[in-house]
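> In the numbering used here, the protein residues as written are 16 to 194.
Once you've had a glance at the structure underneath, I'll fire off some questions.
The following block contains the structure:
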């Protein structure tokens, strides 16, 4: 079974998507805008003018509202090399990160990066995808690998073929216990 088909990965990705949709809907409600309308797309454009003013989930929600004029994909989710998507994908990383209650310090940053990789996996190499995607369920639970755990995982990932990487599911052999 491939990692992307595993229930724990699919649940984690769905939870991230739901949190992004909820954040976007909250901003729309706050702004008196109905989601899915031309006004919501205008609001998304406003958010992208200065992403540092918004939480990363709101920025990702704004990106989901827009279509790339160059490649026709969701803005920021097109193929590598699409100038507009490459630029828009970078916008998400200027947004605010507010640590969730009970989560370890810097967990929110790791969660944002992992979810960006998992949501636009075609933009990243298999070695990058493996570490971030495998950690995603643990990150959602508020845990984060230590630096030694992340370094050990990277060493192990670098020893595997692309096919073997896509079959990695369990974080324990890579990271050890993330509790």
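Positions of the beta carbon are idealized from the N, C-alpha and C atoms, including for glycine.
1. Is it true that the CB of residue 80 sits closer than 7 Å to the CB of residue 115?
2. Do you know whose CA, among 130, 143, 98, lies nearest residue 108's CA?
3. When we look at the beta-carbon of residue 67 and count the other beta-carbons within 10 Å, is it buried (16 or more) or exposed?
4. Can you name, in chain order, every residue of its own chain whose Cβ lies under 7 Å from the Cβ of residue 113, other than the five neighbours on each side?
5. Does DSSP classify residue 127 as helix, strand or coil?
6. Can you check the stretch 115–172 for any alpha helix (DSSP H) of at least 4 residues that lies completely inside it and give the ranges in chain order?
7. Between the Cα of residue 193 and those of 149, 20, 176, spot the shortest distance and give me the residue it belongs to.
8. With DSSP run on the structure shown, which of helix, strand or coil describes residue 87?
9. Check whether the stretch 179–191 touches the stretch 46–54, counting contact only when three or more Cβ pairs, one atom from each stretch, lie closer than 8 Å.
10. Would residue 184 pass as a contact of residue 119 if the rule is Cβ separation under 7 Å?
11. Output the distance between the C-alpha atoms of residue 61 and residue 30, rounded to the nearest integer angstrom.
12. Am I right that residue 155 and residue 126 are in contact with their C-beta atoms under 8 Å? What's the rounded C-beta distance?
13. Quick check on the DSSP output: the alpha helix (DSSP H) that includes residue 25 runs from which residue to which?
14. So, for residue 168: in the same chain, excluding its five sequence neighbours on each side, which residues have a beta-carbon less than 6 Å away from its beta-carbon?
15. Given a threshold of 16 other Cβ atoms within 10 Å of its Cβ, counted over all protein chains shown, does residue 96 qualify as buried or as exposed?
According to the structure shown:
1. Contact: no.
2. Sorting 130, 143, 98 by C-alpha distance to the C-alpha of residue 108 places 130 at the top.
3. Residue 67 counts as exposed, since fewer than 16 other beta carbons sit within 10 angstroms of its beta carbon.
4. Only 70, 123 meet the Cβ criterion.
5. DSSP, reduced to helix, strand and coil, places residue 127 within a helical segment of the structure shown.
6. The qualifying runs are 122–134, 141–155, 162–172.
7. Taking only the C-alpha atoms, the option nearest residue 193 is 149.
8. Three-state DSSP puts residue 87 in coil, outside helix and strand.
9. Of all C-beta pairs linking the stretch 179–191 to the stretch 46–54, fewer than three are shorter than 8 Å, placing the two stretches out of contact.
10. Taking 7 Å as the Cβ cut-off, residue 184 and residue 119 do not qualify as a contacting pair.
11. Using only the alpha carbons, I get a separation of about 26 Å.
12. Correct: roughly 7 Å between the Cβ atoms.
13. Looking at the DSSP string, the run of the alpha helix (DSSP H) that includes residue 25 is 22–46.
14. Setting aside the 5 residues that flank it on each side, residue 168 is surrounded in the same chain by 146, 189, 190, each with a C-beta closer than 6 Å to its C-beta; the list follows chain order.
15. Counting every other CB atom within 10 Å of its CB across the protein chains shown gives residue 96 a total below 16, marking it as exposed.
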